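Enquirer:
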Amino acid sequence: MSNIREEINRRRTFAIISHPDAGKTTLTEKFLLYGGAINLAGSVKGRKAAKHAVSDWMEIEKERGISVTSSVMQFEYGGKCINILDTPGHQDFSEDTYRTLMAADSAVMVIDGSKGVEAQTIKLFKVCVMRHIPIFTFINKMDREANDPFDLIDEIETVLGMRTCPVNWPIGSGKSFKGVYDRQTGIISRFLQGDNGHKTEAVEAKVGDDGLDELLTPELHEKLIEDIELLDGASDEYDLDRIQSGELSPVFFGSALTNFGVETFLQHFLDMTTTPLPRKSDIGIIDPVKEDFSAFVFKIQANMNKAHRDRIAFMRICSGQFNASDEVYHVQGGRKLKLTQPQQMMAQERKHVEEAYAGDIIGVFDPGIFAIGDTICTPKKQFSYEGIPTFAPEHFARIRQVDTMKRKQFIKGIEQIALEGAVQIFQEINSGMEEIIAGVVGVLQFDVLKYRLENEYRVEIKMEQLPYEHIRWIENDDINVSALSVTTDTKRIQDLKGRPLLLFTHPWSVNTVLDRNPGLKLSEFGNA
Ligand code: G4P
Numbered sequence: 022m023s024n025i026r027e028e029i030n031r032r033r034t035f036a037i038i039s040h041p042d043a044g045k046t047t048l049t050e051k052f053l054l055y056g057g058a059i060n061l062a063g064s065v066k067g068r069k070a071a072k073h074a075v076s077d078w079m080e081i082e083k084e085r086g087i088s089v090t091s092s093v094m095q096f097e098y099g100g101k102c103i104n105i106l107d108t109p110g111h112q113d114f115s116e117d118t119y120r121t122l123m124a125a126d127s128a129v130m131v132i133d134g135s136k137g138v139e140a141q142t143i144k145l146f147k148v149c150v151m152r153h154i155p156i157f158t159f160i161n162k163m164d165r166e167a168n169d170p171f172d173l174i175d176e177i178e179t180v181l182g183m184r185t186c187p188v189n190w191p192i193g194s195g196k197s198f199k200g201v202y203d204r205q206t207g208i209i210s211r212f213l214q215g216d217n218g219h220k221t222e223a224v225e226a227k228v229g230d231d232g233l234d235e236l237l238t239p240e241l242h243e244k245l246i247e248d249i250e251l252l253d254g255a256s257d258e259y260d261l262d263r264i265q266s267g268e269l270s271p272v273f274f275g276s277a278l279t280n281f282g283v284e285t286f287l288q289h290f291l292d293m294t295t296t297p298l299p300r301k302s303d304i305g306i307i308d309p310v311k312e313d314f315s316a317f318v319f320k321i322q323a324n325m326n327k328a329h330r331d332r333i334a335f336m337r338i339c340s341g342q343f344n345a346s347d348e349v350y351h352v353q354g355g356r357k358l359k360l361t362q363p364q365q366m367m368a369q370e371r372k373h374v375e376e377a378y379a380g381d382i383i384g385v386f387d388p389g390i391f392a393i394g395d396t397i398c399t400p401k402k403q404f405s406y407e408g409i410p411t412f413a414p415e416h417f418a419r420i421r422q423v424d425t426m427k428r429k430q431f432i433k434g435i436e437q438i439a440l441e442g443a444v445q446i447f448q449e450i451n452s453g454m455e456e457i458i459a460g461v462v463g464v465l466q467f468d469v470l471k472y473r474l475e476n477e478y479r480v481e482i483k484m485e486q487l488p489y490e491h492i493r494w495i496e497n498d499d500i501n502v503s504a505l506s507v508t509t510d511t512k513r514i515q516d517l518k519g520r521p522l523l524l525f526t527h528p529w530s531v532n533t534v535l536d537r538n539p540g541l542k543l544s545e546f547g548n549a
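Counted the way this note's numbering counts, the sequence shown spans residues 22 to 549.
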């Protein structure tokens with residue numbers, strides 16, 4: 022037991038989030054280098070998810086094995102066992118990203134110092150806040166001209182609505198980037214620019230010492246003195262409890278590409294972040310150490326190897342120890358089973374695992390029995406974890422198959438892709454599956470859907486985008502949906518479980534419909 026406790030307590034599981042191009046891949050790669058998990062910089066690059074174009078995405082998806090292999094990475098550093106969950110890097114968002122966050126205990130948010138907080142970071146950030154996930158901010162690319170650090174901090178606080186506490190502070194940026202000042206130790210790490218790359222040097226000089234004028238230039242030295250004074254007076258104090266409850270984000274400045282400030286960030290981060298957190302279930306809070314094995318499925322990926330039509334279910338272990346030889350209980354399926362081909366991802370390679378611990382992520386072969394949100398636990402004590410919410414799709418399209426002879430493949434493909442969580446599928450009320458309505462969180466998913474149906478299921482489709490942007494599930498049990506008084510821009514549909522929903526073009530129509538139908542209960546989220 023003490024061994025299990027130690028193993029669990031040395032686990033750190035976090036997701037890395039950023040707007041594309043902020044430097045997430047570069048930072049991840051540097052982390053892995055410190056962990057000795059890869060020895061060649063640039064190895065993570067190979068799998069890098071497409072950044073802009075759909076065509077890039079398709080290329081990457083052809084190499085899906087690689088991209089998925091790298092979506093969860095484990096490495097060792099300083100006696101800790103670290104699991105990094107990569108969030109998809111394309112410029113668009115799928116439910117997958119959100120669900121990945123559900124499997125993490127904290128998040129590292131990478132921000133480009135010259136761009137500040139960008140749209141997609143906001144979306145991801147909201148999910149972290151909803152779950153009270155601690156967020157650690159790394160402001161990257163300080164070797165390039167960056168925005169004023171006070172403006173960057175201010176932006177995080179106002180746009181994301183979270184307080185911050187800078188752990189270190191940059192001295193200049195771009196060509197005049199001199200390094201960072203550590204607010205806890207007072208030590209300055211100098212960034213030395215040279216023809217043969219960049220070097221870091223720690224200077225144990227006190228701010229205000231004469232020698233610093235020479236090292237930093239008198240102007241930057243003076244600015245640093247002023248900045249520190251301002252920070253000490255105005256910024257929030259370092260408070261580990263507030264950090265761990267997700268109220269306060271520690272902020273670090275650095276440059277991933279030149280490997281400046283990355284290791285100190287990693288060290289601080291590992292000290293501040295939590296061990297695997299307890300999670301809510303239908304029998305109360307499940308303690309990661311005291312309870313036996315349990316896990317939940319947060320991601321399902323099909324056709325990772327086209328030749329075999331395989332499906333892998335990714336699960337986050339939430340408590341205890343997983344032993345490949347033990348029988349487990351699949352709560353939603355109501356039966357005992359042995360997990361087949363359990364595997365873990367170590368940097369680029371997949372390897373078979375015999376044992377794993379709370380905090381770890383394992384992928385298991387799925388013969389088609391698992392669904393996202395399912396709980397797996399020991400047969401001795403059965404319970405289920407809180408469902409993973411389904412995020413409200415914001416784009417809708419009507420989808421029709423071109424060749425009606427391929428109805429079977431069409432339904433199979435659609436159902437499979439929906440099960441993976443990339444799209445949500447709806448129907449016209451009282452209609453069949455010849456024509457469906459697909460809802461997605463980001464529009465790129467439509468292209469992905471079309472591409473996958475054509476390539477994996479050989480079904481051609483016609484897609485017509487619809488003007489609706491807002492979705493509400495009807496929560497009332499007994500309701501005559503067609504009798505509801507709705508606005509002209511409202512559409513009545515149902516999900517695959519037959520639950521009625523309303524789609525709206527304008528956000529204000531939601532309130533109008535609520536006003537017109539007293540007692541009507543609408544919800545933005547359906548449960549998975
Ligand atoms: P992402 O995963 O968040 O999308 O970003 P990624 O790490 O791929 O970085 C995006 C671009 O920014 C890359 O350049 C990368 O080299 C560069 N970059 C990352 N960190 C830093 C940094 O600290 N300083 C500077 N100056 N650049 C940084 P690219 O030209 O798109 O790719 P590549 O040609 O380097 O492969």
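Think of the CB as a built atom: it goes at the ideal place given N, C-alpha and C, for glycine as much as any other residue.
In this text the structure is predicted, and so the values were computed from the model without any measurement.
(1) Quick one: is the Cβ of G305 within less than 7 Å of any heavy atom of the ligand ADP?
(2) Could you pull out every unbroken alpha helix (DSSP H) segment of at least 4 residues lying fully inside the region 426-494, listed in chain order?
(3) Does the distance from the CB of R332 to the CB of G408 come in under 8 Å?
(4) Here's the rule I'm using: 16 or more other beta-carbon atoms within 10 Å means buried, otherwise exposed. How should L261 be labelled?
(5) Three Cβ pairs or more, each shorter than 8 Å: is that satisfied between the region 506-520 and the region 437-446?
(6) Just to check, is the beta-carbon of N161 closer than 7 Å to a non-hydrogen atom of the ligand G4P?
(7) Could you check if E27 is buried or exposed, using at least 16 other CB atoms within 10 Å of its CB as the buried criterion?
(8) Using C-beta distances below 6 Å, list every residue in its chain close to N497, excluding the 5 sequence neighbours before and after it, in chain order.
(9) Would you call the CB atoms of G320 and D117 closer than 8 Å?
(10) Considering only the alpha carbon of each residue, which of D499, F335, V423 and T511 lies closest to F391?
(11) Assign K301 to one of two classes, buried (16 or more other C-beta atoms within 10 Å of its C-beta) or exposed (fewer than that).
(12) Tell me, to the nearest whole angstrom, how far the beta carbon of D313 is from that of S346; I am working on the premise that it is less than 8 Å.
(13) The ligand G4P heavy atoms versus the CB of G44: any closer than 7 Å?
(14) Given that a residue counts as buried once 16 or more other Cβ atoms are within 10 Å of its Cβ, and exposed if not, what is A140?
(15) CA-CA distance, V138 and P41?
(16) Enumerated in chain order, which unbroken segments of the beta strand (DSSP E) with a length of 3 residues or greater are wholly contained in the region 275-328?
(17) At a cut-off of 7 Å, would you count P41 as near the ligand G4P, judging by its Cβ distance to the nearest heavy atom?
(18) By DSSP's criteria, Q365 is part of a beta bridge. Which residues make up the other side?
(19) Quick check: V180 and W190, are their CB atoms within less than 8 Å of each other?
(20) Is A439 closer than 8 Å to E545 when the C-beta atoms are compared?
(21) Would you mind listing the beta strand (DSSP E) stretches within the region 158-231 that are 3+ residues and don't spill past its ends, in chain order?
(22) Sorry if obvious, but does the Cβ on S276 come closer than 7 Å to a heavy atom of the ligand G4P?
(23) Alpha carbon to alpha carbon, how far is E456 from F467?
(24) Could you check whether the Cβ of D5 sits closer than 7 Å to any heavy atom belonging to the ligand G4P?
(25) Apart from the five residues just before and just after L278, which ones in its own chain have a Cβ nearer than 6 Å to its Cβ?
Expert: Reading off the structure:
(1) The ligand content of the structure shown is limited to the ligand G4P, which means the ligand ADP is not among them.
(2) Runs of the alpha helix (DSSP H) spanning 4 or more residues and lying entirely within the region 426-494 occur at 428-441 and 465-477, in chain order.
(3) It is not a contact, given that the beta carbons lie outside the stated cut-off.
(4) L261 comes out exposed.
(5) The region 506-520 makes contact with the region 437-446: 3 or more CB pairs, one atom from each, lie closer than 8 Å.
(6) The beta carbon of N161 sits closer than 7 Å to at least one heavy atom of the ligand G4P.
(7) With fewer than 16 Cβ atoms within 10 Å of its Cβ, E27 is classed as exposed.
(8) Cβ neighbours of N497 beyond the five flanking positions: K542.
(9) The sequence shown places Lys at residue 320, rather than the Gly named in the question. Yes, the pair counts as a contact, with Cβ atoms nearer than the cut-off.
(10) Closest by alpha carbon: F335.
(11) Sixteen is the threshold: since fewer than 16 other Cβ atoms of the shown chains lie within 10 Å of the Cβ of K301, the residue is exposed.
(12) The Cβ separation is near 15 Å, so there is no contact.
(13) True, at least one ligand heavy atom lies under 7 Å from that Cβ.
(14) Exposed.
(15) When rounded, the distance between both Cα atoms is 12 Å.
(16) You should have 300-302, 305-307 and 315-323.
(17) P41 Cβ: within cutoff of the ligand G4P.
(18) Answer by DSSP bridge pairing, in chain order: K372.
(19) No; because the gap between Cβ atoms is not below 8 Å, this pair is not in contact.
(20) Between E545 and A439, the C-beta spacing is not below 8 Å.
(21) Within the region 158-231, the complete beta strand (DSSP E) segments at least 3 residues long are 184-187, 189-192, 200-203, 209-215 and 218-224, listed from N- to C-terminus.
(22) Yes, the Cβ of S276 comes within 7 Å of a heavy atom of the ligand G4P.
(23) Cα to Cα, E456 sits roughly 15 Å from F467.
(24) Since the first and last residues shown for the chain are 22 and 549, residue 5 lies out of range.
(25) Closer than 6 Å at the Cβ level, and outside the excluded window around L278, lie T47.
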